[in-house]
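Protein chains in written order, with our numbering: chain A, 1 to 113; chain B, 1 to 114.
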């Protein structure tokens with residue numbers, strides 16, 4: 001079946017602009033995760049959804065970052081007033097349930113100029 | 001907070017030979033899971049192997065095996081009979097049994113020489 005998909009694959013934006021990154025999890029997976037991977041580093045946890053609710057958003061770096069999952073499937077990561085330091089690959093993963101094996105998408109590479 | 005350390009930024013191996021990647025972690029918990037993920041240039045993270053901390057037996061998946069030393073908090077990955085397709089970035093990751101998020105190391109780039 002289809003894996004986790006993320007759109008767009010690449011996004012270039014200017015400093016100060018607003019961006020939205022989309023994640024389509026594997027069908028039926030109730031848990032969804034966002035991670036951020038800076039150049040040369042391992043992914044860092046941002047937020048975890050169980051169903052429609054954010055069960056753990058402790059990794060969001062500040063209030064410019066927000067994520068939603070209104071119907072318990074597709075999720076959108078929203079970044080306001082982007083800064084050059086936000087440039088990174090944003091990875092999404094889903095699992096059948098919380099604590100299950102996480103299946104990752106190909107990520108969105110965000111570049112803030 | 002848990003930290004995962006991979007001390008080898010890069011490793012090179014001849015095709016058909018064996019390479020071992022190192023990983024250490026810091027935790028005060030007794031129940032947790034450890035993982036090795038592969039990330040090729042396509043960026044998609046692929047699970048290579050998983051180890052439950054309560055299991056003494058080291059996990060094995062085909063050419064991939066781990067050496068899990070719980071007391072030493074060490075979790076190394078051995079790739080046997082290396083193939084060109086094994087070339088990628090490899091990440092060690094930790095997850096508490098009481099949590100859902102993964103904590104990753106900085107990664108090791110593996111190159112395979114033909």
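Backbone N, C-alpha and C fix where the C-beta goes; we use that ideal spot for every residue, glycine too.
8 angstroms contact criterion, which residue i and residue j should meet: CB distance rounded
i, j, result
"residue 148(A)", "residue 101(B)", "Residue 148(A) lies beyond the residue range present for chain A, which begins at 1 and ends at 113; the question has no answer from this structure."
"residue 82(A)", "residue 19(A)", "6 angstroms"
"residue 94(B)", "residue 38(B)", "That belief does not hold up - the Cβ atoms of residue 94(B) and residue 38(B) are roughly 17 angstroms apart, past 8 angstroms."
"residue 11(A)", "residue 113(A)", "Wrong, their Cβ atoms sit about 11 angstroms apart, outside the cutoff."
"residue 94(A)", "residue 26(A)", "5 angstroms"
"residue 32(B)", "residue 53(B)", "5 angstroms"
"residue 106(A)", "residue 9(A)", "7 angstroms"
Nonlocal neighbours in the same chain, by C-beta distance under 6 angstroms from residue i, ignoring five residues either side
i, result
"residue 43(A)", "35, 37 and 91"
"residue 96(A)", "29"
"residue 46(B)", "38"
"residue 28(B)", "none"
"residue 7(B)", "22"
"residue 35(B)", "50 and 93"
Beta-carbon gap between residue i and residue j smaller than 7 angstroms
i, j, result
"residue 112(B)", "residue 87(B)", "yes"
"residue 55(B)", "residue 65(B)", "no"
"residue 69(B)", "residue 59(B)", "no"
"residue 21(A)", "residue 60(A)", "no"
"residue 23(A)", "residue 75(A)", "yes"
"residue 50(A)", "residue 31(A)", "yes"
"residue 41(A)", "residue 64(A)", "no"
"residue 80(B)", "residue 63(B)", "yes"
"residue 96(B)", "residue 13(B)", "no"
Other residues of its chain near residue i: CB distance less than 7 angstroms, five sequence neighbours each side excluded
i, result
"residue 11(B)", "19, 21, 108 and 110"
"residue 4(B)", "23, 25, 92, 93, 94, 103, 104 and 105"
"residue 100(A)", "31"
"residue 76(B)", "20, 21, 22, 23, 66 and 67"
"residue 86(A)", "79, 110 and 112"
Cross-strand partners of residue i (DSSP beta bridge)
i, result
"residue 21(A)", "77(A)"
"residue 69(A)", "In the DSSP output, where bridge partners are listed per residue, residue 69(A) has none listed."
"residue 39(B)", "89(B)"
"residue 52(B)", "33(B)"
"residue 78(B)", "20(B) and 65(B)"
"residue 64(A)", "Per DSSP, none; premise fails for residue 64(A)."
"residue 46(B)", "38(B)"
Cut-off 8 angstroms between Cβ atoms - residues of its own chain near residue i, not counting five sequence neighbours on either side
i, result
"residue 136(A)", "Given that chain A is displayed from residue 1 to residue 113, the structure contains no residue 136(A) and the question cannot be resolved."
"residue 84(B)", "15, 112 and 114"
"residue 98(A)", "30, 31, 48, 50 and 55"
"residue 57(B)", "none"
"residue 73(B)", "24, 25, 26 and 27"
"residue 67(A)", "34, 46, 47, 49, 54, 57, 60, 75, 76, 77 and 78"
"residue 61(B)", "48 and 49"
Residue i CB to nearest heavy atom of the ligand GTP below 6 angstroms
i, result
"residue 89(B)", "Inclusion of the ligand GTP in the displayed structure is not the case, the ligand content being empty and no account of it being possible."
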